[in-house]
Amino acid sequence: MKPKVATVWLGGCSGCHMSFLDLDERLIELAEKMELVFSPIADIKEFPRDVDVTLVEGAVANVEHEEFAHIIRRNSRSVVSFGDCAVTGNVTAMRNAIDTEDVLHRSYVELADINPRIPREYPTIAELMPQARPLHEFITVDAYIHGCPPTAEQIWSAVSELLQGRMPALSHVYLRYG
Amino acid sequence: MSASTITISPVTRIEGHAKITIQVDAKGLVKDARFHVNEFRGFEKFCEGRLMWEMGGITSRICGICPTSHLITSAKAGDAILAVAVPQTAQKLRRLITLAQWIQSHALSFFHLSSPDFLLGWDADPATRNIFGLVAHDKEFARRGIRLRKFGQEIIEVLGSRRIHTPWAVAGGVREPFDPAQKQHLLGWIPEAKETAVIALDALKKIHLKLQGDIPNFGNFRSLFVGLVADDGALEYYDGALRIMDGAGNIIADKIDPTRYHEYFGEATEDWSYLKFPYYRPFGYPKGMYRVGPLARVNICDYIDTPMAEAERKLFKAIAGDAGAVNNSFYFHYARLIEILFAVEKVEALLNDPDILGTNVRAKASINQPRGVGACEAPRGTLFHEYEVNSDGILEKVNLVIATAQNNLAMNRTVRQLAMQYLDGTKVTEGILNRIEAGIRCFDPCLSCSTHAIGAMALHLQVVDEEHRLLWDVRR
Numbered sequence: 500m501k502p503k504v505a506t507v508w509l510g511g512c513s514g515c516h517m518s519f520l521d522l523d524e525r526l527i528e529l530a531e532k533m534e535l536v537f538s539p540i541a542d543i544k545e546f547p548r549d550v551d552v553t554l555v556e557g558a559v560a561n562v563e564h565e566e567f568a569h570i571i572r573r574n575s576r577s578v579v580s581f582g583d584c585a586v587t588g589n590v591t592a593m594r595n596a597i598d599t600e601d602v603l604h605r606s607y608v609e610l611a612d613i614n615p616r617i618p619r620e621y622p623t624i625a626e627l628m629p630q631a632r633p634l635h636e637f638i639t640v641d642a643y644i645h646g647c648p649p650t651a652e653q654i655w656s657a658v659s660e661l662l663q664g665r666m667p668a669l670s671h672v673y674l675r676y677g
Numbered sequence: 010m011s012a013s014t015i016t017i018s019p020v021t022r023i024e025g026h027a028k029i030t031i032q033v034d035a036k037g038l039v040k041d042a043r044f045h046v047n048e049f050r051g052f053e054k055f056c057e058g059r060l061m062w063e064m065g066g067i068t069s070r071i072c073g074i075c076p077t078s079h080l081i082t083s084a085k086a087g088d089a090i091l092a093v094a095v096p097q098t099a100q101k102l103r104r105l106i107t108l109a110q111w112i113q114s115h116a117l118s119f120f121h122l123s124s125p126d127f128l129l130g131w132d133a134d135p136a137t138r139n140i141f142g143l144v145a146h147d148k149e150f151a152r153r154g155i156r157l158r159k160f161g162q163e164i165i166e167v168l169g170s171r172r173i174h175t176p177w178a179v180a181g182g183v184r185e186p187f188d189p190a191q192k193q194h195l196l197g198w199i200p201e202a203k204e205t206a207v208i209a210l211d212a213l214k215k216i217h218l219k220l221q222g223d224i225p226n227f228g229n230f231r232s233l234f235v236g237l238v239a240d241d242g243a244l245e246y247y248d249g250a251l252r253i254m255d256g257a258g259n260i261i262a263d264k265i266d267p268t269r270y271h272e273y274f275g276e277a278t279e280d281w282s283y284l285k286f287p288y289y290r291p292f293g294y295p296k297g298m299y300r301v302g303p304l305a306r307v308n309i310c311d312y313i314d315t316p317m318a319e320a321e322r323k324l325f326k327a328i329a330g331d332a333g334a335v336n337n338s339f340y341f342h343y344a345r346l347i348e349i350l351f352a353v354e355k356v357e358a359l360l361n362d363p364d365i366l367g368t369n370v371r372a373k374a375s376i377n378q379p380r381g382v383g384a385c386e387a388p389r390g391t392l393f394h395e396y397e398v399n400s401d402g403i404l405e406k407v408n409l410v411i412a413t414a415q416n417n418l419a420m421n422r423t424v425r426q427l428a429m430q431y432l433d434g435t436k437v438t439e440g441i442l443n444r445i446e447a448g449i450r451c452f453d454p455c456l457s458c459s460t461h462a463i464g465a466m467a468l469h470l471q472v473v474d475e476e477h478r479l480l481w482d483v484r485r
């Protein structure tokens with residue numbers, strides 16, 4: 500049985516997923532070594548049970564992210580904070596010092612000329628949390644991959660370890676932010 | 010049967026997360042369908058108080074797919090605030106990185122995200138409809154797509170020292186000149202990249218024949234088209250002036266200075282989406298619906314100044330026939346591949362241009378203007394950054410008008426058209442729902458740019474009749 504891998508994208512820019520795609524031809528090799536069971540670049544809509552490794556990009560920024568974080572934890576043997584937004588909150592957390600209403604007001608009231616108002620059709624859209632926070636504040640995280648985004652080399656090194664059932668160590672070579 | 014709502018969540022294989030809801034009445038007829046974008050990060054507010062010089066680094070983090078487009082647009086807004094003339098070498102190098110961004114982003118859209126629908130089929134097992142499924146189905150085709158994206162990313166890395174979130178372009182120019190040692194290496198890619206673009210075009214033409222039954226429903230309606238064109242009407246990606254064309258192919262406004270964008274375009278808000286709805290002011294909301302991106306650009310330009318892409322553009326124009334403009338959103342895919350070919354040809358020309366080897370790449374000045382607007386053609390359409398600064402260069406106001414948002418009205422219209430066409434009240438299958446999602450994929454929306462979202466709920470649809478008997482049950 501090939502290890503089952505999921506990748507998830509919470510509050511972030513998708514740069515970590517793009518860096519994953521920067522594995523280039525190594526993706527072809529990976530296709531033989533793992534099964535991608537859930538990902539923004541794949542079509543399964545329900546997070547599966549029994550996932551071996553889940554890489555989570557992005558901070559926890561709204562109520563759906565928080566719910567989803569718990570689903571991920573329940574169904575994954577290992578959860579990895581994938582990139583600086585998951586690890587620290589990073590750019591997604593730059594709004595944290597400002598009142599959420601003021602942040603929303605700028606975009607949807609000041610910068611709109613028709614129907615200026617803050618979108619609030621919950622839960623069709625997700626309500627923002629007052630602050631975007633790192634993943635480990637909500638669930639237990641087993642490993643961290645730093646970087647904004649992590650380089651393809653970092654990802655290759657970490658994923659190679661994970662696929663063999665080992666936790667990637669925080670090597671000083673890869674312990675950098677930004 | 011009772012009225013109900015079908016939810017597709019998350020919409021997958023797009024660059025971002027979104028939901029589609031489809032309202033079905035008691036007779037099972039589709040009343041409405043909406044495309045919802047579900048998250049918000051607040052750049053327009055939290056950038057206030059930052060230094061103008063930081064904006065390239067911050068705004069590239071809006072989006073991991075087109076960070077380079079944000080970087081360049083931010084640098085252009087900075088050029089206006091410094092009121093400097095950017096050295097010619099820097100202008101050409103910025104053009105080079107913008108083309109690289111088109112190549113990698115368009116390759117991602119076609120090969121990694123959309124081609125699984127075309128080559129594996131709408132109704133293929135959802136577990137295989139992705140890039141890994143494509144590898145298993147046709148390794149050579151997948152490898153070509155992966156390598157074409159790699160080519161774009163390598164140009165970005167050569168210029169900017171990293172592939173994603175490079176801070177290389179700055180107000181007044183770029184940080185580092187081009188390393189001449191890399192010229193032959195990059196030129197070595199050109200034959201393969203051209204060949205891959207041609208193979209992709211051939212594949213799309215075969216797909217086009219195969220999908221004749223579906224294509225008429227893929228967001229087929231008249232709208233305005235908006236984008237930048239060069240002074241002589243050529244396809245443009247870095248500079249130029251705005252042109253607006255109607256769905257009959259008439260140019261209704263031309264040579265508009267992009268710094269005056271808000272005189273022409275307004276933005277509406279709806280309660281049910283974090284993605285705003287830009288519209289063309291003279292036509293009002295929502296009549297002022299317009300499309301941007303590859304379909305718009307190839308429609309509005311008078312010609313393309315590279316031979317292979319120009320030959321394809323003529324074939325593209327023939328599709329419009331008497332209609333004047335190509336109005337079917339399916340042809341976003343065609344226009345995107347034409348633009349890959351153009352970008353590869355143009356990269357070749359720029360690499361052979363001795364001007365790119367200059368070392369004067371940055372004009373320095375302090376703050377000379379209180380306001381600056383940058384505009385450029387990102388892969389998905391025209392991107393605007395507007396900054397207001399104080400005399401120290403600290404930002405007081407920021408407005409970002411993102412390409413994907415400008416397609417919002419048209420994406421909603423497309424979803425509605427597909428839902429009404431395929432859902433007739435008697436059946437709903439996974440393959441049908443995938444076709445509706447594929448309508449969105451034509452636009453290649455980059456929702457991380459616009460706001461970015463996730464929908465964590467699975468798709469599970471049950472429609473029951475008045476006696477609560479199960480009529481439909483679809484799950485994935």
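Chains as they are written, first to last, in the numbering used here: chain A, 500 to 677; chain B, 10 to 485. Yeah, the Cβ is synthetic: ideal placement off N, Cα and C, and Gly gets one too.
Does any C-beta atom of chain B lie closer than 8 Å to the C-beta of residue i?
{"i": "A/His516", "result": "yes"}
{"i": "A/Ala541", "result": "yes"}
{"i": "A/Lys501", "result": "no"}
Does the beta carbon of residue i come closer than 8 Å to any beta carbon on chain A?
{"i": "B/Asp280", "result": "yes"}
{"i": "B/Arg70", "result": "yes"}
{"i": "B/Thr391", "result": "no"}
{"i": "B/Lys40", "result": "no"}
{"i": "B/Gln201", "result": "One point to set straight first is that residue 201 of chain B is Glu, not Gln, in the sequence displayed. For B/Glu201, the answer is no, since every Cβ of chain A falls outside 8 Å of its Cβ."}
{"i": "B/Gly464", "result": "Per-residue confidence for B/Gly464 stands at a pLDDT of 30, beneath the threshold of 50, marking its modelled position as unreliable; the derived number appears in the next sentence. Yes, B/Gly464 lies at the interface with chain A (some Cβ there is under 8 Å from its Cβ)."}
{"i": "B/Gln444", "result": "Residue 444 of chain B is actually Arg in this sequence, not Gln. Chain A contact via Cβ: absent."}
Please report how far the alpha carbon of residue i lies from the alpha carbon of residue j, in whole angstroms.
{"i": "B/Glu405", "j": "B/Cys385", "result": "22 Å"}
{"i": "B/Asp126", "j": "B/Gly448", "result": "11 Å"}
{"i": "B/Lys28", "j": "B/Pro363", "result": "49 Å"}
{"i": "A/Ile638", "j": "A/Arg573", "result": "10 Å"}
{"i": "B/Lys323", "j": "B/Lys264", "result": "23 Å"}
{"i": "B/Leu251", "j": "B/Gln162", "result": "28 Å"}
{"i": "A/Glu660", "j": "B/Pro96", "result": "47 Å"}
{"i": "B/Lys54", "j": "A/Ala560", "result": "16 Å"}
{"i": "B/Arg306", "j": "B/Leu237", "result": "7 Å"}
{"i": "B/Arg444", "j": "B/Trp131", "result": "6 Å"}
{"i": "B/Gly464", "j": "B/Phe119", "result": "Residue placement at B/Gly464 cannot be trusted, given a pLDDT of 30 that sits under 50; the coordinates are not used to answer."}
{"i": "B/Asp241", "j": "B/Ile253", "result": "15 Å"}
{"i": "B/Phe227", "j": "B/Asp34", "result": "23 Å"}
{"i": "B/Gln430", "j": "A/His604", "result": "38 Å"}
Please list the terminal residues of the continuous beta strand (DSSP E) segment that includes residue i.
{"i": "A/Thr553", "result": "550 to 556"}
{"i": "B/Met254", "result": "250 to 254"}
{"i": "A/Lys503", "result": "503 to 508"}
{"i": "A/His569", "result": "Per DSSP, A/His569 belongs to no beta strand (DSSP E); it is in the alpha helix (DSSP H), 562 to 574."}
{"i": "B/Leu237", "result": "233 to 238"}
{"i": "B/Leu409", "result": "404 to 410"}
{"i": "B/Leu359", "result": "No beta strand (DSSP E) holds B/Leu359; the alpha helix (DSSP H) holding it covers 341 to 360."}
{"i": "B/Tyr289", "result": "286 to 289"}
{"i": "B/Cys385", "result": "380 to 387"}
Note the first and the last residue of the continuous alpha helix (DSSP H) segment covering residue i.
{"i": "B/Asp88", "result": "76 to 91"}
{"i": "B/Glu109", "result": "Looking at the sequence shown, residue 109 of chain B is not Glu but Ala. Unbroken alpha helix (DSSP H) run through B/Ala109: 97 to 116."}
{"i": "B/Ala151", "result": "148 to 169"}
{"i": "A/Val672", "result": "Note, A/Val672: premise wrong, no alpha helix (DSSP H); not H, not E."}
{"i": "A/Leu610", "result": "No alpha helix (DSSP H) holds A/Leu610; DSSP gives it neither H nor E."}
Could you work out which residues of chain C lie near residue i, taking near to mean beta carbons separated by less than 7 Å?
{"i": "A/Pro615", "result": "Given the protein chain composition of this structure (A and B), no chain C is represented."}
Could you tell me which residues DSSP pairs with residue i in its beta bridges?
{"i": "A/Ile638", "result": "Note: A/Ile638 sits in no beta bridge, so no partner."}
{"i": "B/Gln32", "result": "B/Thr14, B/Asp41"}
{"i": "A/Ser577", "result": "A/Val552"}
{"i": "B/Ala262", "result": "B/Ile253"}
{"i": "B/Val335", "result": "For B/Val335, which the question treats as bridged, DSSP gives no partner whatsoever."}
{"i": "B/Phe52", "result": "For B/Phe52, which the question treats as bridged, DSSP gives no partner whatsoever."}
{"i": "B/Ala277", "result": "A/Ile613, B/Phe286"}
{"i": "B/His174", "result": "BP columns for B/His174 are empty, so no partner."}
{"i": "B/Thr391", "result": "B/Glu386"}
{"i": "B/Ala27", "result": "B/Val46"}
Contacting positions in the stretch 158 to 176 of chain B - beta carbon closer than 8 Å to chain A: Arg158, Lys159, Gln162, Arg171, Arg172, Ile173, His174
Anything in the stretch 621 to 648 of chain A with a Cβ closer than 7 Å to a Cβ of chain B? List those residues in chain order, please. Thr623, Ile624, Ala625, Leu627, Cys647, Pro648
Contact list for the stretch 586 to 612 of chain A against chain B, Cβ threshold 9 Å: Asn589, Val590, Thr591, Met593, Arg594, Asn595, Ala596, Ile597, Thr599, Asp601, Val602, Leu603, His604, Arg605, Ser606, Tyr607, Val608, Glu609, Leu610, Ala611, Asp612
Residues of the stretch 124 to 144 of chain B with a CB closer than 7 Å to any CB of chain A: list them in chain order, please. Pro135, Ala136, Arg138, Asn139, Ile140, Phe141, Val144
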